[in-house]
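*Asks:* Residue numbers (the UniProt record's numbering): 1 to 144.
For every residue, glycine included, the Cβ atom is placed at its ideal position computed from N, Cα and C.
Dropping the structure in here first, questions after.
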Amino acid sequence: MAWGIWAIITVVLLIAETLTVDFLFMMFAAGTLAATITSVVTPHALALQIVIFGIVAILGIVFVRPWARKHVNDSSHGESNVYAMTGQMGYALCEVDVKGGRVKVGGEVWSAKTPGAVIAEGTAVVIQSVEGARVVVTPFHNES
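In structure tokens, the structure reads:
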């Protein structure tokens with residue numbers, strides 16, 4: 001019957017993993033799964049089941065978890081969210097100056113400002129940075 005308890009713990013840990021996606025609960029679940037299998041093979045060796053659980057969980061935490069965190073859902077390459085907008089093109093919907101204005105970028109309208117000279121309505125712009133909910137833009141100059 002110990003295998004049933006190990007199996008329930010495994011399922012609970014897998015559910016917890018889906019909520020955190022940190023791969024820690026997954027490593028413990030691997031340990032409890034190994035203990036479940038050990039319990040089926042040797043039903044009266046609780047000490048062996050606990051040792052197997054510990055070994056598998058520790059090996060998973062030390063070796064598998066770092067690899068999984070590095071390769072799964074890795075957002076460390078490049079910018080994400082609004083900060084990925086740097087370098088994107090748009091156009092001024094109205095005059096943009098140091099105090100403000102509005103630009104359209106990729107179908108979205110953003111509050112904008114420019115650090116330099118006033119940008120006229122309809123001018124193509126390039127996003128230089130994002131400051132909160134406002135983009136900093138400069139006029140686009142085609143270099144070709």
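Measuring straight from C-alpha to C-alpha, what distance separates residue 110 and residue 104?
*Replies:* Looking at the two C-alpha atoms, the distance is approximately 6 Å.
*Asks:* Given a threshold of 16 other Cβ atoms within 10 Å of its Cβ, counted over all protein chains shown, does residue 15 qualify as buried or as exposed?
*Replies:* Result: exposed.
*Asks:* Since residue 65 sits in a beta bridge, which residues does DSSP pair it with?
*Replies:* In the DSSP output, where bridge partners are listed per residue, residue 65 has none listed.
*Asks:* Short of 7 Å in beta carbon distance, which residues of its chain neighbour residue 40, apart from the five on each side in sequence? Order them along the chain.
*Replies:* Excluding positions up to five away in sequence, the list reads 3.
*Asks:* Is residue 92 closer than 8 Å to residue 125 when the C-beta atoms are compared?
*Replies:* Contact: yes.
*Asks:* Measuring CB to CB, does residue 9 end up less than 8 Å from residue 32?
*Replies:* In this structure, residue 32 lies closer than 8 Å to residue 9 by Cβ.
*Asks:* For residue 6, tell me which candidate among 21, 17, 38, 27 has the shortest Cα-Cα distance.
*Replies:* Nearest of 21, 17, 38, 27 to residue 6, Cα basis: 38.
*Asks:* Classify residue 101 as buried or exposed, calling it buried when 16 or more other Cβ atoms lie within 10 Å of its own Cβ.
*Replies:* It counts as buried.
*Asks:* Hey, how far is the Cα of residue 49 from the Cα of residue 132?
*Replies:* Residue 49 and residue 132: Cα-Cα distance of roughly 53 Å.
*Asks:* Determine the direct distance from the alpha carbon of residue 27 to that of residue 62, and round the result to whole angstroms.
*Replies:* The alpha-carbon atoms of residue 62 and residue 27 are separated by roughly 10 Å.
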